[in-house]
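Novice: Before I ask anything, here is the structure I am working with.
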Amino acid sequence: MTGTGVAAARLRVGTAPASLVLNAIRIGGPSMRDQITARTGLSAATVNRQITALVAAGMVDERPELLDGRGVGRPKIPITLDRDRFCVAGMHIGARRTALVIADLGGRTLYSHAIATQELSGVNAPNAVDRLCGQLAELTARFSGRRLLWAGAALGGAVDADTGVVDHPILRWRGEPLGQRLTEALGVPVSVAEHVQAMAAAELLLGGEVVPHGAALFFYARETVGMAVIVEDEVYQPTRGAGSIASLPVQPGPLDTEAVAPLQSVVGTAALKAAAARLGTGDDATVLADARARVLGEAVAMMRDVINPDSVIVAGDAFSAHPRGLAPVQAAFDAVSTTPWPLEITPTRFGAHVPEMAPIAVALSAVYVDPLAVAGELSSR
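Numbering (the UniProt record's numbering), first residue to last: 1 to 381.
Structure below.
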């Protein structure tokens, strides 16, 4: 962590004993110690030590009231995640919508507040950042009965994970110290990540189980497009920042007058409205929905053939808005992918809420990578 209170986001599954035990309890719900031992592969003695430390830190509880009294022999006390003691705060700054979110230790959203990003476009960058940080601080104050552990921020554009300094092209932010401003407003450590990488982290870390193993391609398309790669339980974060697929050349068909166009220019709402006006149709016309599904399916197939992942996960309104769901995207993907084995495209498990889960994943990744260190830092404040 830097002296500014900013810590680089570590978007991966924790492997320390305390991390394994805490995650096993989150996934499994009320669990006996022998069940946790079986899930983690740790020794019984190690599991007992970690549970004792996590109970002392306030992250898990022993819950004797959950026992079934009909059992025979010495009772085993269930262990559960303490979802009432702590919370994390998050901020996702999207192209059209900015979400401010509070979540519990398990990643369950406690409160979410949305702001139209365009409301920030006429505000100079420092004032816009201060406004967002102040609003998130006000929201956090409503949960004063909980201790705030960490905060996360996710946004498109360039992110320096070590310093929390960001560029946001749509808002014309350049070199804004978002991480430092946020930690000053909230009084807790903060991590900042590129938003598609953060969404991929939500998929990896906040679902019902830790999946997928192997390699996975995460592909996002709404007003902007982006992709991230998960490799062996970690979101790949290039040293020099996230790459871009915005300029990936595609054949737009009726979505554009050009034979070839950049991907990002033809999948968003503005592109559909412009195409509808040109064709004299509604922007929900079947011909446009089919064209976008084809473009997306072909783009995903192109990246699949380059990376050859074990799974493909897609998210964003551009994928979900078609009346027939992912079927036309899958058909286009199957038609052009040259990798010689079939692969089914999987939708995000979070549906339309995946953007607001992104900053929560950033915050909780820090907690779950080293929960006892976070608890120790909290007690020293």
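Cβ atoms here follow ideal geometry from the backbone N, Cα and C, with glycine treated the same way.
Here the structure is a predicted model, which means the values were calculated and not measured.
Give the DSSP-derived three-state secondary structure of D305 in the structure shown.
Specialist: helix
Novice: Would DSSP call V300 helix, strand or coil?
Specialist: helix
Novice: Would you call the CB atoms of V13 and W150 closer than 8 Å?
Specialist: no
Novice: Going straight from the alpha carbon of residue 448 to that of A198, what length do you get?
Specialist: Because the chain in this structure spans residues 1 to 381, residue 448 falls outside the shown range and cannot be described.
Novice: Decide if E258 is buried, meaning its Cβ has at least 16 other Cβ atoms within 10 Å, or exposed.
Specialist: exposed
Novice: Measuring only the C-alpha atoms, how far is E298 from V21?
Specialist: 41 Å
Novice: Since I51 is in the alpha helix (DSSP H), which residue starts that stretch and which ends it?
Specialist: A44 to A57
Novice: Could you have a look at I36 and say whether DSSP puts it in helix, strand or coil?
Specialist: helix
Novice: Name the one or two DSSP bridge partners that W173 has.
Specialist: Note: W173 sits in a beta bridge opposite H168.
Novice: G134 to A185, Cα distance in whole Å?
Specialist: Approximately 6 Å, taken between the alpha carbons.
Novice: May I have the straight-line CA-CA distance separating I25 from T183, to the nearest angstrom?
Specialist: Rounded to the nearest whole angstrom, the CA to CA distance from I25 to T183 is 29 Å.
Novice: From the DSSP output, in three-state form, read off V190 for me.
Specialist: strand
Novice: Hey, how far is the Cα of L378 from the Cα of S311?
Specialist: 38 Å
Novice: Quick check: the Cα distance between A335 and D305, rounded to an integer number of angstroms?
Specialist: 12 Å
Novice: Take L290 and list the residues in its own chain whose beta-carbon comes closer than 7 Å to its own, dropping the five residues that flank it on each side.
Specialist: The identity of residue 290 in the sequence shown is Asp, whereas the question assumes Leu. In the same chain as D290, and ignoring 5 residues on each side of it, the C-beta atoms closer than 7 Å to its own belong to P328, in chain order.
Novice: Ignore the nearest five residues each way along the sequence and tell me which others in R349's own chain have a CB closer than 6 Å to its CB.
Specialist: G207
Novice: Among C87, H322, S121 and T346, which one has its Cα closest to the Cα of V188?
Specialist: Of C87, H322, S121 and T346, the residue nearest in Cα terms is C87.
Novice: For S247, which three-state DSSP category applies?
Specialist: Assigned with DSSP and collapsed to three states, S247 falls in coil, not helix or strand.
Novice: Return the residue from the list R181, A116, S19 and G41 that minimises the CA-CA distance to A53.
Specialist: S19
Novice: Which of the three DSSP states is assigned to G90 in this structure?
Specialist: strand
Novice: Return the Cβ separation of F319 and A221 in integer angstroms, given the expectation that the two are a contact with Cβ distance under 8 Å.
Specialist: 6 Å
Novice: Check each candidate in L272, E176 and L155 and name the one with the smallest Cα separation from V165.
Specialist: Answer by Cα proximity: E176.
Novice: Ends of the beta strand (DSSP E) at G152?
Specialist: R147 to L155
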